[in-house]
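Asks: 55 is the number that numbering that gives the first Met the number 0 gives to position 56 of the sequence shown; each next residue is one higher, with no gaps.
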Amino acid sequence: MVKQPEKRNVDLTGRKILVVGAAQGIGRATAIWLAGLGARVIPADIQDCDDTALACGGVSSVKLDLSDRENIEAVINDLADNDGPLYGVVNCAGILLRRPLDDTTPDELELQTAINQSGAFYLARAAMKKMQTQGEGRIVLYTSQGAFTGGFNGSIPYAMNKAAVTALVKSLARIGAPQGITVNAVAPGAVDTAMLRDGMTQQDLDNFQAMIPMRRFADPEELAGPTAFLLSEWAGYITGTTLHVNGGQLML
0 MVKQPEKRNV DLTGRKILVV GAAQGIGRAT AIWLAGLGAR VIPADIQDCD DTALACGGVS
60 SVKLDLSDRE NIEAVINDLA DNDGPLYGVV NCAGILLRRP LDDTTPDELE LQTAINQSGA
120 FYLARAAMKK MQTQGEGRIV LYTSQGAFTG GFNGSIPYAM NKAAVTALVK SLARIGAPQG
180 ITVNAVAPGA VDTAMLRDGM TQQDLDNFQA MIPMRRFADP EELAGPTAFL LSEWAGYITG
240 TTLHVNGGQL ML
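(1) Over what stretch of residues does the alpha helix (DSSP H) that includes Y121 continue unbroken?
(2) Enumerate, from N- to C-terminal direction, the unbroken alpha helix (DSSP H) stretches of 4 or more residues contained entirely within the segment 20-82.
(3) Nearest CA to the CA of A22: which residue from R196, T132 and D47?
(4) Please name the residue, chosen from G247, Q178 and V190, that lies closest to I211 on a Cα-to-Cα basis.
(5) Between W32 and V88, what straight-line distance do the alpha-carbon atoms span, to the nearest angstrom?
(6) Taking one C-beta from the segment 65-73 and one from the segment 110-122 each time, how about it: are there three or more such pairs within less than 8 angstroms?
(7) Pick from A123, T165 and L110: whose alpha carbon is nearest that of G136?
(8) Ends of the beta strand (DSSP E) at I174?
(9) Helix, strand or coil for N90? Go by DSSP, reduced to three states.
(10) Which value, in whole angstroms, describes the spacing of the CA atoms of I174 and A186?
(11) What number of angstroms, rounded off, separates the C-alpha of P177 from the C-alpha of T132?
(12) Quick check: what's the CA-CA separation for H243 versus L251?
(13) Quick one: what does DSSP say G136 is sitting in, helix, strand or coil?
(14) Select from D44, V40 and I45 the residue whose C-alpha is nearest the C-alpha of A54.
(15) Mind listing, in chain order, the continuous alpha helix (DSSP H) runs of no fewer than 4 residues lying wholly within the segment 217-247?
(16) In the DSSP assignment, the beta strand (DSSP E) including T148 goes from what residue to what residue?
(17) Return the CA-CA distance between T103 and G198, expressed in angstroms with no decimal places.
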């Protein structure tokens, strides 16, 4: 007999979930989306994200700097040790400095690597440690289509960092699986955010959209839904996987 689902919709009621990068874009949309599914969302960002916290039902936000390992560990420890277990961690934060290869300075490379790569490592490591003690948990790290294509000449450090995150997800998935902890990635294509539009003309944007089979950019909310799925019980047997959300631009 086929077992029927206990719930007809994704339900995260009561689940404490930290969303990093929640001040804007995909992170903000994801935090609000998860709150709508009943999750106890903690929006986090290096920038002020009180507006997101208000939109999530008046919850408290936290300051989190992905370039600061001690700050990351302190936030995770505080959330996991107080007011119930930390069920989920989502990292949507990132930085892209558009520079041609020859113009990328050592400082720019180090900054992007500190936030995009090392920050993701320290965040996921701290979360994994707490979740192993709990015996359950969900980690979702954002990578990028560029991790699989190499990006373009202005995004080489970003693509490199996100490729490392993709490998990190697989490594952590093997570590967490025996304790029922899943670790997955979401790889967005072109999403209509400030990061995408920064430094691009309207003609650039039009040309970009013409390359996408769906002929448009994703709305941030179109990433929030897949993220919620990976956090839910419906994805309990999925780990070490990258979910591609790119309008058909990259088909694997």
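Ideal Cβ positions, reconstructed from N, Cα and C, are used throughout, including at glycine.
Replies: Concretely, from the data shown:
(1) Locating residue 121 in the sequence shown gives position 122, where the first residue counts as 1. First-last of the alpha helix (DSSP H) with Y121: G118 to Q133.
(2) Taking only runs of at least 4 residues, the alpha helix (DSSP H) segments lying wholly in the segment 20-82 are 24-35, 49-54 and 68-80.
(3) Working through the sequence shown from its first residue, we reach residue 22 at position 23. Across the set R196, T132 and D47, the C-alpha of D47 shows the shortest separation from the C-alpha of A22.
(4) For this step, residue 211 is matched to residue 212 along the sequence shown. Cα-wise, what sits closest to I211 is G247.
(5) Within the sequence shown, the letter at position 33 stands for residue 32. Within the sequence shown, the letter at position 89 stands for residue 88. W32 and V88 have their alpha carbons spaced roughly 14 angstroms apart.
(6) yes
(7) Residue mapping note: residue 136 aligns to position 137 of the sequence shown, counting from 1. Cα-wise, what sits closest to G136 is A123.
(8) By one-based count along the sequence shown, residue 174 stands at place 175. From DSSP, I174 is part of no beta strand (DSSP E) but of the alpha helix (DSSP H) over I155 to G175.
(9) Against the sequence shown, residue 90 aligns to sequence position 91. Residue state, collapsed to three classes: strand.
(10) As a working note, residue 174 is residue 175 in the sequence shown. As a working note, residue 186 is residue 187 in the sequence shown. Near 21 angstroms, if we compare the C-alpha coordinates of A186 and I174.
(11) In the sequence shown, counting from the first residue as 1, residue 177 sits at position 178. In the sequence shown, counting from the first residue as 1, residue 132 sits at position 133. Using only the alpha carbons, I get a separation of about 12 angstroms.
(12) Indexing the sequence shown from 1 puts residue 243 at position 244. Indexing the sequence shown from 1 puts residue 251 at position 252. Roughly 8 angstroms separates the two Cα atoms.
(13) For the purposes of this step, residue 136 is identified with residue 137 of the sequence shown, where counting begins at 1. Of the three classes helix, strand and coil, the one that applies to G136 here is strand, per DSSP.
(14) In the sequence shown, counting from the first residue as 1, residue 54 sits at position 55. Answer by Cα proximity: V40.
(15) 220-230
(16) Stepping through the sequence shown from its first residue, residue 148 is reached at position 149. Premise fails: T148 lies in the alpha helix (DSSP H), G145 to T148, not in any beta strand (DSSP E).
(17) Position 104 of the sequence shown, counting from 1, holds the residue named residue 103. Position 199 of the sequence shown, counting from 1, holds the residue named residue 198. Answer to the nearest angstrom: the Cα atoms are 16 angstroms apart.
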